[in-house]
């Protein structure tokens, strides 16, 4: 009986040793993936995706044509004393637009914390136009009474825009909410024009100069003009299956341009993490 027990113990020990030999080492298993808490998705690695967007362009045209007008009227009494180029001919306006594009980036992950860098791009039509005019009567020190009409037109169309971002997120379950900030870049078509016309009247002037009409116009067209600024926003990535994820996002981009422009978009996208 004792011999049978010894033999059974030896067989059990051999079987346990064979099972242990078939199992990978725990250290090797942990080293193969990011050290994420149980139930948290591994977001570390490169990713790419596509997106569509809908948004609002907020434009301030107030000073859009002041530099053109000032150059037209340089060294004239109506500019030096009337300050025509600073008249509030145009104002603020908003319009809606849409676009599509893509994104690519890299995430690094420490437990729940995800930090990354991303390049984001949209092609579409974001911008608007405005037309305005203003007329005034005023006298200048040369004895003339001036009747001046200032007409202005301005338009901007941001057709390509992107951002280079730094991201910070917090992973829980299959979700990754994040915030980001970075540099905004773009290309825009910008058109600006101004016309100043009217009459100068001085009853005491020499014959032929008592009633002097004037007309001056100028414009500037900038196609594919490079614009830049800053970008900030919030978003959420949701892992679906084996690297495939959905994205919902809001981004605000402020551009330094001849026409003061900001574009705010909401976006939906789909991506894949390698």
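Numbering (full-length UniProt numbering), first residue to last: 1 to 274.
For each residue, glycine too, the CB sits at the ideal point set by N, CA and C.
Counted within 10 angstroms of its Cβ, other Cβ atoms place residue i as buried (16 or more) or exposed
i	result
residue 54	exposed
residue 91	exposed
residue 270	exposed
residue 141	exposed
residue 245	buried
residue 107	buried
residue 165	buried
residue 261	buried
residue 21	Note that residue 21 scores a pLDDT of 39, beneath 50, so its modelled location is shaky and nothing firm can be said.
residue 274	exposed
residue 206	exposed
residue 178	buried
residue 130	buried
residue 265	buried
residue 342	A query on residue 342 cannot be resolved here, the shown segment of the chain reaching from 1 to 274 and no further.
residue 146	buried
residue 32	Residue confidence is low: residue 32 scores 33 on pLDDT, short of 50, so the model does not pin down where it sits. No coordinate-derived value is stated.
residue 30	Residue placement at residue 30 is flagged as unreliable, the pLDDT there being 31, under the threshold of 50; the coordinate-derived value follows with that caveat. Classification of residue 30: exposed, given that the 10 Å Cβ count is below 16.
residue 83	exposed
residue 171	buried
residue 226	exposed
residue 240	exposed
residue 203	exposed
residue 137	exposed
residue 85	buried
residue 71	exposed
residue 263	buried
Start-to-end residues for the alpha helix (DSSP H) that takes in residue i
i	result
residue 70	66-72
residue 202	It is not in any alpha helix (DSSP H) - residue 202 carries neither H nor E in the DSSP assignment.
residue 75	Segment: none, residue 75 is in no alpha helix (DSSP H) and carries neither H nor E.
For residue j and residue i, believed in contact at Cβ under 8 Å, the rounded distance
i	j	result
residue 201	residue 144	6 Å
residue 354	residue 154	Look at the range of the chain in this structure, 1 to 274, and you will see that residue 354 is not part of it.
residue 255	residue 229	4 Å
residue 102	residue 181	That belief does not hold up - the Cβ atoms of residue 102 and residue 181 are roughly 20 Å apart, past 8 Å.
residue 257	residue 188	7 Å
residue 267	residue 51	5 Å
residue 162	residue 185	5 Å
residue 57	residue 95	5 Å
residue 158	residue 127	5 Å
residue 80	residue 97	That pair is no contact at about 41 Å.
residue 238	residue 174	6 Å
For residue i, the first and last residue of its enclosing beta strand (DSSP E)
i	result
residue 213	211-241
residue 270	260-273
residue 206	Residue 206 -> no beta strand (DSSP E), and no H or E assigned at all.
residue 50	45-60
residue 252	244-256
Those residues which DSSP pairs with residue i across a bridge
i	result
residue 170	113
residue 128	156
residue 133	151
residue 122	101 and 161
residue 275	As shown, the chain starts at 1 and ends at 274. That puts residue 275 outside it, with no answer to give.
residue 90	For residue 90, which the question treats as bridged, DSSP gives no partner whatsoever.
residue 193	153 and 219
residue 41	BP columns for residue 41 are empty, so no partner.
residue 183	164 and 230
residue 145	139 and 201
residue 95	57
| Can at least three beta-carbon pairs, one atom from the segment 210-221 and one from the segment 53-72, be found at a separation below 8 Å? | Taking 8 Å as the limit for Cβ pairs, the verdict is that the segment 53-72 does touch the segment 210-221.
| query | Within the chosen definition, does the segment 145-162 reach the segment 192-210 through at least 3 CB pairs nearer than 8 Å? | reply | yes
| task | Determine, using beta-carbon pairs with one atom in the segment 78-90 and one in the segment 42-58, whether at least three such pairs fall under 8 Å. | result | Three or more Cβ pairs closer than 8 Å define a contact, and the segment 78-90 falls short of that threshold against the segment 42-58.
| On the three-pair Cβ rule with 8 Å, is the segment 70-79 touching the segment 105-119? | no
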